[in-house]
Amino acid sequence: MDAVTAMTLDRGRKNNQLLIQPQYSPMPVGEQIAILYCGTKGLMASVPVEKVRECQDQFLDAMRAKHQDVIDLLGSGNINDDATKVIADTMADVAATFQ
273 MDAVTAMTLD RGRKNNQLLI QPQYSPMPVG EQIAILYCGT KGLMASVPVE KVRECQDQFL
333 DAMRAKHQDV IDLLGSGNIN DDATKVIADT MADVAATFQ
């Protein structure tokens with residue numbers, strides 16, 4: 273299998289994990305957008321598949337604690353360069369703990 277195919281399959285497995293939500297406990301829209309942005313942009317490339325859910329939880333905890341305004345912005349249907357930078361920087365900090 274070539275490297276591009278392997279990377280695509282890995283990203284797909286990780287995105288599948290991101291879509292799993294606990295029953296009767298839906299994730300707010302702003303949080304869904306933030307975490308799916310991380311998955312689709314490959315910001316979790318260094319995180320092993322079996323650690324994706326744990327990484328997601330830590331990322332969302334960090335976003336809620338420090339950047340609730342960004343989550344609210346995303347939930348209102350808006351996204352901008354500042355919000356995507358906050359998401360990327362926060363995920364980079366969290367993902368670094370899983371290497």
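Per my numbering, the sequence shown starts with residue 273, numbered consecutively. Glycine is no exception: its CB is placed at the ideal position from the N, C-alpha and C atoms. No experiment lies behind these values; they were computed from the predicted model shown.
Euclidean distance between Cα positions of residue i and residue j
i       : j       : result
Ser-318 : Asp-329 : 16 angstroms
Leu-345 : Ala-334 : 16 angstroms
Leu-281 : His-339 : 31 angstroms
Asp-354 : Lys-286 : 25 angstroms
Val-301 : Gly-347 : 5 angstroms
Ala-337 : Thr-312 : 23 angstroms
Ala-364 : Met-316 : 8 angstroms
Val-342 : Val-358 : 8 angstroms
Other residues of its chain near residue i: CB distance less than 7 angstroms, five sequence neighbours each side excluded
i       : result
Gln-289 : Val-321, Val-324, Arg-325
Cys-327 : Met-316, Val-319, Val-366, Ala-367, Phe-370
Beta carbon of residue i nearer than 8 angstroms to that of residue j
i       : j       : result
Phe-331 : Ile-307 : yes
Tyr-296 : Thr-356 : no
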